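Inspection log for the structure reproduced underneath, given as C-alpha cells.
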Amino acid sequence: MKLDEYPLHSYDKIRYCDTDRQGHVNNALFSSFLETGRVELLYNPKKPLYSKGGAFVIAGQKLDLLSEIRWPGKIDIGTGLIKVGNSSIKLVQGLYQNGRLCATAETVIVQMDEASRGSKSLSDETRGILEKLVI
26 MKLDEYPLHS YDKIRYCDTD RQGHVNNALF SSFLETGRVE LLYNPKKPLY
76 SKGGAFVIAG QKLDLLSEIR WPGKIDIGTG LIKVGNSSIK LVQGLYQNGR
126 LCATAETVIV QMDEASRGSK SLSDETRGIL EKLVI
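Numbering of the sequence shown is given in the working numbering, commencing with residue 26 and proceeding in unit increments.
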C-alpha cells in the first residue's frame, strides 16, 4: 500500500539515539512510530474519540518489519482502519522512509471502561467518525 492511500498521515523525526550498533533504528522504535499515528487519531485534543470514563488499550498487534530505517531523517506514518466494531477497532498502518515502505502493522484497539476494566461500547458519534477512515 502507498502512503497516499491511507486517510491519515503523520510523521516522526528519527533521533540519533534511536540507532543501534548496526547503525539502523532499533526495531523496538517501530512501535513508537506506530503509536504516534495511533494517538493522533484517538486522543486528538481537539476531538478525542474516547467516551467519558473510557480509555483505549491495545488488545493485539501484528508488526511486519520490511526494511531497515536509518538515521538521519523522518518516518512518514500512514494510518487507516480495517474494521469498526462495537467496542473495538482494527487499525492498519504503514511506516515509510523516503517513500520506501519499511513496516506494516495491524493493531486491535478496544475501548475499556476505566471503572469496570471491561470493554465499553463506542459512541455513535465516534463510530461515525471512525467508519469514514475504513480502507
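We treat Cβ as the ideally placed atom computed from N, Cα and C, and that holds for glycine. Note that the coordinates shown come from a computational prediction; the quantities given were computed from them, not determined experimentally.
- Secondary structure at residue 66: helix, using DSSP grouped into helix, strand and coil.
- The beta carbons of residue 157 and residue 133 sit about 19 Å from each other, so the pair does not count as a contact at 8 Å.
- Going by C-alpha positions, residue 137 is about 20 Å away from residue 62.
- For residue 42, the closest C-alpha among the options 54, 74, 33 is that of 54.
- Taking the C-beta atoms as reference points, residue 49 is found nearer than 8 Å to residue 94.
- Taking 8 Å as the cut-off, the Cβ atoms of residue 159 and residue 106 count as close.
- Cβ-Cβ distances below 8 Å link residue 152 to 109 in the same chain, with the five nearest sequence neighbours on each side left out; the list follows chain order.
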